[in-house]
Amino acid sequence: MASLYDLDQHTRDLLTLDTFLKQITVKEFVEGLTEDHTIQESNGRTAAINPKPYIRTFEASLEALGQISAELNSREQKIQHDARQADAAHQRTVAATESQCHALTNQFSDLDLLVSEVASTTTSLGEAVDLVSRQRNRAASSQFIIKCYISFLENDPTVVETMRTGSFEDQRQCAITVRQLLRIARKINNIPRAAVARENIEKYAEMVERELLKMFDKAYRSADMSSMKAVAGILTEFNGGASVIQIFVNQHDFFIMKDKLLHESMIDDDSVWQKLCDPTCEDAPFDTATKELLDEIRITVKKESLIIKRVFPHPFSVLRVFLQRLFAQTIQQRIELILSHAKSISTLAYLRTLQNAHKEIGALVEDLKAILKPDLDHGGGLSMLLDQNMQDVFVPYIENRQYIDTEKRNLQELTSVMLARFNNYHLNRKTSKNHKLLNKLGTVTGRERWAKNKNTGN
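For the sequence shown, our numbering assigns the number 820 to the initial residue and increments by one for each residue that follows.
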């Protein structure tokens, strides 16, 4: 029987495991085994087939394929044996790991329970410590308040005075202490000299507030924002901040300098009012000084809103008072002044001035909303306040049918004036025609008299 070594190199290469790993087909394999067994004649034609080379090649190939099959079976059995051993080892590892996980889970549960118990104990202990600390602080504060009350009872407020003349933090503690003393003094009436202590505390509280307001005014005039903020915070804790808001608004330079605008000398000349009285003037002007005042209000609110936000703990309350003061004192009084002057001239001038004022102040309100809304008007309270202030300015001029009656009176006056002009025009025209007729008659009569005299003389 032919062996593998009797085969040529091409066939030996074909009968290897690598050939079958390339997924070769049966047809391709057989063609590869027999491609060198065809005998060519000299004239190029194929000779008769000799079966012996095929038989030897196929026998040797069959033997080689049997060896390859046996080798593959051996490998497969070895791999299956190794796989079974690996699977068994994996099962043992999984079982051991599962047991360890269960043990670790049990330990973690025990530890978690222990930590929860410790945390519960610690929380209770912490709450108890906090309670004791608060009680201790309250006792120390009560002791200090009693000590201060006794000092006022003896008219010797040295302890509180030391705080008042110290740093801003000391002054804040002084203000809080005096506020608490005022509350206590107003409740205590059943001990000797309680009225004396209450009177001394009230006087001292007034002095503390007065000195703090002086400090705020001094800081305001020197533009010391940090001191203004500190004092404003102290007064806010002392009495809610009402007094410091009032002094900030009342002594503001804008309200002091703009008082001159409320005098009649600050009203435009007669040319403006003549245009307002002219019914043929379509673009009725508005008082120049009032427009300048509204422009300055825009600038002032934009600048002061930044200061108020920086200085005061509750800027909304300050802006509320500031805006109310602007509308009630400055804007409303200026509108009253120019409307009173317009009314003394004519009803038309009054209505046109009222319309222009409503338009200009409406634009002012919208501009102020745009200035305040990004940072200071989160809830819309200031916008509502501005709308209400604008309504309050014009309510006296539109309530109880005042505006309707004024419009009717204006129409009556304009109609009367136009009818009077119409009658005067036709009356003058009729009189002019009569004069022309008399002149013509006089001319004819004179000519006749001249002609008669001439004939008589002849």
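The beta carbon of each residue, even a glycine, is placed where N, CA and C say it ideally should be. None of these values were measured; they are calculated from a predicted model.
Query, Result
"Is it true that the region 1090 to 1101 meets the region 1038 to 1055, where meeting means three or more beta-carbon pairs spaced less than 8 Å apart?", "no"
"Measure the CB-CB distance between Phe963 and Thr984 and report whether it falls below 9 Å.", "no"
"Between Leu884 and Leu834, which are expected to be in contact by the criterion C-beta below 8 Å, what is the C-beta distance as a whole number of angstroms?", "7 Å"
"Quick check: the Cα distance between Ser1062 and Leu1054, rounded to an integer number of angstroms?", "8 Å"
"Assign Asp1196 to one of three DSSP states: helix, strand, or coil.", "coil"
"Find out if the Cβ-Cβ distance for the pair Val978, Ser970 is shorter than 9 Å.", "yes"
"Near Lys966, what residues of its chain come up, given a Cβ to Cβ distance below 8 Å and the 5 sequence neighbours on each side ignored?", "Val978"
"Got a sec? Which residues, its chain only, sit under 7 Å from Ser1173 by beta carbon, not counting five neighbours each side?", "First, the residue type needs correcting, since residue 1173 is Leu and not Ser in the sequence shown. Cβ neighbours of Leu1173 beyond the five flanking positions: Leu1158, Tyr1216."
"Taking only runs of the alpha helix (DSSP H) that begin and end inside the region 1034 to 1099, which ones reach a length of at least 4 residues, in chain order?", "1044 to 1058, 1061 to 1069, 1072 to 1076, 1089 to 1096"
"Could you give the uninterrupted runs of the alpha helix (DSSP H) lying entirely in the region 1162 to 1216, keeping only those of 4 residues or more?", "1166 to 1191"
"Return the chain-ordered list of same chain residues with a C-beta closer than 7 Å to the C-beta of Phe1105, the five sequence neighbours on each side being excluded.", "Asn1175, Glu1179"
"What distance in whole Å lies between the Cβ atoms of Ile1190 and Lys1110, which are believed to be in contact at a cut-off of 8 Å?", "Going by Cβ atoms, the distance from Lys1110 to Ile1190 rounds to 18 Å, so no, they are not a contact pair."
"Considering only the alpha carbon of each residue, which of Ile1020, Asp989, Ile887 lies closest to Glu973?", "Ile1020"
"Can you grab the Cα-Cα spacing for the pair Ala994 / Glu1025, in whole Å?", "11 Å"
"From Gln1143 to Gln1151, what distance separates their C-alpha atoms?", "10 Å"
"Less than 9 Å between the beta carbons of Lys1124 and Gly1060, yes or no?", "Note on residue identity: the sequence assigns Ser, not Lys, to residue 1124. No, the pair does not count as a contact, with Cβ atoms beyond the cut-off."
"Below 8 Å on the Cβ atoms is my contact criterion, and I expect Leu1001 with Tyr968 to pass it. Report the Cβ-Cβ distance as a whole number of Å.", "So it is not a contact: roughly 11 Å between Cβ atoms."
"I'd like the span of the alpha helix (DSSP H) that includes Thr1107, first residue to last.", "1107 to 1130"
"Helix, strand or coil: which one does DSSP assign to Glu860?", "Residue placement at Glu860 is flagged as unreliable, the pLDDT there being 45, under the threshold of 50; a coordinate-derived value is accordingly withheld."
"Quick one: give me the first and last residue of the alpha helix (DSSP H) that Arg1012 is part of.", "Segment: none, Arg1012 is in no alpha helix (DSSP H) and carries neither H nor E."
"Name the two residues that bound the continuous alpha helix (DSSP H) containing Ser1136.", "1134 to 1144"
"Could you tell me whether the Cβ atoms of Glu1028 and Phe1067 are closer together than 9 Å?", "no"
"Out of curiosity, what's the CA-to-CA distance linking Val948 and Asp989?", "28 Å"
"Classify Thr830: buried if its beta carbon has 16 or more other beta carbons within 10 angstroms, exposed otherwise.", "buried"
"Cα separation between Thr1250 and Asn1243?", "10 Å"
"If we count the other Cβ atoms within 10 Å of its Cβ and call it buried at 16 or more, is Val1212 buried or exposed?", "buried"
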